[in-house]
Structures are given as structure tokens and as C-alpha cells.
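Numbering of the sequence shown is given in my numbering, commencing with residue 400 and proceeding in unit increments. Positions of the beta carbon are idealized from the N, C-alpha and C atoms, including for glycine. See below for the structure under consideration.
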Amino acid sequence: MDSFDIFGRLKNSDIVKNVFCYDNVASTNDIAKEAARNDIKDCCEFEGKECGSLFVAQTQSAGRGRRGRSWVSDAGGGVFMSLLLKPEIKPESVSMLTLVAAVALMRAINGVSGATCKIKWPNDIVLNNRKLSGILTEAAFNEGKTEYVVIGIGINVNIEEFPEDLSKTATSIKRELGVCCDKAEIIASFVHEFSRAYVIFLQTQDMTGLLAEYNEGLVNVDRYVRVLGGVTEAKEGIAVGIDKSGALLVKNNDGNLEHIVAGEVSVRGLYNYV
Ligand code: BTN
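What follows is the structure in C-alpha cells.
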């Protein structure tokens, strides 16, 4: 897979105007952040308008996940990519871009593979109760303004086997459907879906216009969830959906609606949680 395999599939209306492919990097998020900091020419501007750049690697030697975890990024079956944007949005809206990306990712994977994967709040993509894809969004702010946003995405596409410690909780398209998928097609489809969703998001800088799509794909809905809140006590209840700010709404055992804005959420029946 090279830049042209991806770029050649993009449409004029898509937000991405530059695609950079590498054999191996430490982390595509780091490469994207470096490009943003060095303000490489045209990385976020095309014909006077905002655009994005996409950084894709065949392997990563130090792939990073959320909460300081690592992301297995060996050769072969995975997609490792980062989308760099310099959006003119409020810093409070930046975390919602992860949810926008989750909607786009779910639609792209389902469209290309025929799977019916879902979103686990806020931004895991799951298939048959195991994790298929994850998103790590990083951003920089200056004087109350958003400088850049990097949306890093790992997708387990054609991976046949997982290390023993991940085998029960992680999966791939190949493992679930028995077929190999074209990675460039998934990437291009993600860019296309993201471009569509991003336009909708920018109208309000929140999830208003994408609420129905996100909640329809949300695996948490009507399921028992436990929210680990760090220092505070774990909260439990039935998830209802998200609100326009991206918070997860959970009806607790007293019948009150809690707005969960952060924290690790376990969903009963998923990833070994019974
Ligand atoms: C998660 O923990 O669920 C997020 C995983 C994000 C992994 C991707 S792979 C491409 C990009 N580069 C990284 O180092 N991490 C993200």
C-alpha cells in the first residue's frame, strides 16, 4: 500500500489533501504532531480552505493507545493512521471529534467489510463483543485556541492471531468474518465518511447533527454498564445514549440520569465483563 493507493481513491470533496505513507515509524500520531508543529507546507490548507493530512504506517515500533497503554502494531494486518487537522473550533469541542471519527470508522468498516460493528462509548469499535479498532485523539491549544488535532486510529483488519493476553478481548475483521479486506479501501472510506460527518459537526461544534447516527451504533444502549471514575466510586446503571456534548447518559439504580463525561466504562457482556 502506498500513498497513491489511498489518494487515488479519495474524492474531491474529501477533507484530506495529503497522504504520507511510511514502512515503519514509532507512532503515526507523533509524525502528525511533528508536521503540525513544523507547519509543513500545505499540511492543513488547500486552495485557501482548511484541509487535513493523513499519515499511514505499515508498522509502528511504539504504537500508543489510550490511558498510557501500548497498541500492538506489527507488520501485516493492521491499519495505523493519524489524521491531522487544524480546525477553527473551541477547545471544549475537540474531544467530540473522537466521537465523530468513531461514527465514520464504524460506517467505513461496515461498508467495506459487510460487518455490523458498533461503537463502545466513547470511541472503541467492537465486533462480536471484542475490540476491533481504537482511537487516540491528541491536541494542542494556545491562548484558548485549538492549534491542531491529531486523530490516531488503529484497525485490526487482516490480523490472524493475537497475543494470548489480548485474544479474548481483541479481534480483527479476518478473525470474525474469515475474509481479508483491502486496507487502502477501508482508509479511503474512513476519510470519506469522516469528511461527511465533519461538515455536520462543524455546523454546531457538537454532536447535535450526528446524535441519531452515533446512538444507533452505540453498543452500550440498554445494557448494564459500570463506570470506573478514578478516585470516585464506580457508578453503575443502564446506558441510554449520548447527549449533544458527547456525555454518556446512564440511568442509575435510583432511576436518576447521570452524565458521564470521562472514565473507563465496562459494558456487561463485552471484553470479559460478565
Ligand atoms: C485505544 O487505546 O483504543 C487507541 C488506540 C489508537 C492506536 C492508533 S494506531 C495509529 C495511531 N498511532 C498511535 O501511536 N496510536 C494511534
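Item	Value
Where N417 falls: helix, strand or coil (DSSP)	strand
Spatially closest choice to I534 from G543, N527, E546 and I550, by CA coordinates	I550
Residue from D429, E446 and N437 with nearest C-alpha to S459	Note that residue 459 is Gln in the sequence shown here, rather than Ser. The shortest Cα separation from Q459 among D429, E446 and N437 belongs to D429.
E592 burial status per 10 Å Cβ neighbour count (16 or more: buried)	buried
For V624 and A633, the rounded distance between their alpha carbons	10 Å
From I572, N411 and E449, residue whose alpha carbon lies closest to that of A514	I572
Close-in-space but distant-in-sequence residues of the same chain around E444 (CB under 7 Å, 5 per side omitted)	C450
Neighbourhood of N522 by C-beta, 6 Å cutoff - its chain only, sequence neighbours within 5 removed	T497, A501 and I534
Reference N557; option with closest CA among N541, A425, A539 and D473	D473
Nonlocal neighbours in the same chain, by C-beta distance under 7 Å from A596, ignoring five residues either side	V499, V502, A503 and L609
Helix, strand or coil at Y670 [DSSP, three-state]	coil
DSSP bridge partner residues for A538 (one or two, in chain order)	V548
Close Cβ partners of N651 (< 8 Å) along its chain, the five nearest in sequence each way excluded	K634, E635, G636 and E657
Under 8 Å between C-beta atoms of K517 and L617	yes
Local conformation of I554 per DSSP, three classes	strand
Heavy atom of the ligand BTN within 7 Å of D564 beta-carbon	no
Reduced DSSP secondary structure (H/G/I, E/B, other) of A646	coil
Helix, strand or coil at E444 [DSSP, three-state]	strand
Beta-ladder partner(s) of G451, from DSSP	V415
Cβ-heavy atom distance, G668 to the ligand BTN, below 7 Å	no
Contact under 8 Å by Cβ, V590 with D413	yes
Heavy atom of the ligand BTN within 7 Å of N428 beta-carbon	yes
Helix, strand or coil at T427 according to DSSP, with G and I counted as helix	helix
Buried versus exposed call for T536 [16 or more other C-beta atoms within 10 Å across all chains shown]	buried
L627 classed as buried or exposed, judged by whether at least 16 other C-beta atoms fall within 10 angstroms	exposed
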